[in-house]
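Visitor:
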Amino acid sequence: MFYGTAVWDPWLIVAQIVCFQCLYYLTLGIFMTILVGTRVSRISLVYFFDYATVTASTVTGWCVIASFILSSLAGAGFLLYLIERAKKCLDFSATLYIVHLLICIVYGGWPSSITWWVVNVTGLAVMALLGEYLCIRRELREIPISKFRSRSVSEDKANEDMDEQIPLYRVDNMA
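For what it's worth, the numbering used here labels the leading residue of the sequence shown as 18, then goes sequentially.
1) Please report the distance separating the alpha-carbon of residue 52 from that of residue 162.
2) Going by C-alpha distance, which of 45, 160 and 75 is nearest residue 90?
3) Is any heavy atom in the ligand ADP found nearer than 8 Å to the beta carbon of residue 137?
4) Measuring CB to CB, does residue 126 end up less than 9 Å from residue 68?
5) To the nearest angstrom, report how far apart residue 110 and residue 81 are at their CA atoms.
6) Could you name the residues of the same chain whose beta carbon sits closer than 8 Å to that of residue 73, not counting the 5 residues immediately before and after it, in chain order?
7) Assuming the contact rule is C-beta atoms closer than 8 Å, residue 103 and residue 147 should be a hit. Round their C-beta distance to whole Å, please.
8) Mark residue 88 as exposed unless 16 or more other C-beta atoms lie within 10 angstroms of its C-beta, in which case mark it buried.
9) Between 112, 41 and 60, which lies nearest to residue 30 when the distance is taken from Cα to Cα?
10) Go through its chain and collect everything with a Cβ distance to residue 97's Cβ below 7 Å, but skip five positions before and after it.
11) Hey, how far is the Cα of residue 66 from the Cα of residue 158?
12) By Cβ distance, which residues of its chain are closer than 7 Å to residue 48, with the 5 residues on each side in sequence left out?
13) CA-CA distance, residue 70 and residue 141?
14) Give me, in chain order, the residues of the same chain whose beta-carbon lies closer than 6 Å to that of residue 107; leave out the 5 immediate sequence neighbours on both sides.
15) Quick one: what does DSSP say residue 126 is sitting in, helix, strand or coil?
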């Protein structure tokens, strides 16, 4: 099977979504502990899911915002290693933030703070665009092709000029 062909595997997709969501919240928890945990006496789920904590009017609010943005940057790296396809990055990023929105609605009601929306839409954009960029870079890397499967370094240098002269394919005159 070629890399470009995709087999519909819903269990794989669900597993990727669950893994991606867990890695995101794990990373968010680490950043929250480092940035917010030093400023408050006790860190709780309020900082994850309550829209009122995402505010630009306090230093703790800025630390929460920084945690969300840093987690979106880490999420782009997770897309690179977990999802591996540029065309799926937006789908998985949007799914993550839609699930996050639903959890926030259940936890604290509809997010009425404009800051919450700006931070999460920015996080979605950063995660999706950086994830696509990283995946495209990986997809477009050259595949190394050598004539011989195993050669020593000295043979590589000796045959370097010869490799440039050997074509990788041959097209015969069909006329």
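Ideal Cβ positions, reconstructed from N, Cα and C, are used throughout, including at glycine. Note that this is a predicted model, so its numbers are computed, not measured.
Guide: Once the coordinates are examined:
1) Here residue 52 refers to the residue found at position 35 of the sequence shown. Here residue 162 refers to the residue found at position 145 of the sequence shown. Roughly 47 Å separates the two Cα atoms.
2) Counting from 1 along the sequence shown, the entry for residue 90 is found at position 73. With respect to the C-alpha of residue 90, the residue from 45, 160 and 75 having the closest C-alpha is 45.
3) Among the components of this structure there are no ligands whatsoever, and the ligand ADP is therefore not found.
4) Reading the sequence shown from its first residue, position 109 is the one you call residue 126. Reading the sequence shown from its first residue, position 51 is the one you call residue 68. Residue 126 places its beta carbon less than 9 Å from that of residue 68.
5) Position 93 of the sequence shown, counted from the start, is the residue given in the question as residue 110. Position 64 of the sequence shown, counted from the start, is the residue given in the question as residue 81. Going from the Cα of residue 110 to the Cα of residue 81 covers about 20 Å.
6) As a position in the sequence shown, residue 73 is number 56, starting the count at 1. Only 79, 82 and 132 meet the Cβ criterion.
7) Position 86 of the sequence shown, counting from 1, holds the residue named residue 103. Position 130 of the sequence shown, counting from 1, holds the residue named residue 147. Approximately 11 Å separates the beta-carbon atoms of residue 103 and residue 147; this is outside 8 Å, ruling out the contact.
8) Looking up residue 88 in the sequence shown gives position 71. Buried is the label assigned to residue 88, since at least 16 other Cβ atoms lie within 10 Å of its Cβ.
9) To locate residue 30, count along the sequence shown from 1; it is residue 13. Cα-wise, what sits closest to residue 30 is 112.
10) In the sequence shown, counting from the first residue as 1, residue 97 sits at position 80. Excluding residues within five positions, the ones whose Cβ falls inside 7 Å are 148, 151, 152 and 155.
11) Within the sequence shown, numbered from 1, the residue matching residue 66 stands at position 49. Within the sequence shown, numbered from 1, the residue matching residue 158 stands at position 141. Rounded to whole angstroms, residue 66 to residue 158 spans 39 Å at the Cα level.
12) Position 31 of the sequence shown, counted from the start, is the residue given in the question as residue 48. Only residues of its own chain outside the window of five on either side were considered, and among them 84, 87 and 88 have a CB closer than 7 Å to the CB of residue 48, listed in chain order.
13) The residue you call residue 70 lines up with position 53 of the sequence shown. The residue you call residue 141 lines up with position 124 of the sequence shown. Using only the alpha carbons, I get a separation of about 19 Å.
14) On the sequence shown, residue 107 is found 90 positions in, with the first residue counted as 1. The beta carbon of residue 107 lies closer than 6 Å to those of 145 in the same chain, with the five residues before and after it left out.
15) Residue mapping note: residue 126 aligns to position 109 of the sequence shown, counting from 1. Coil.
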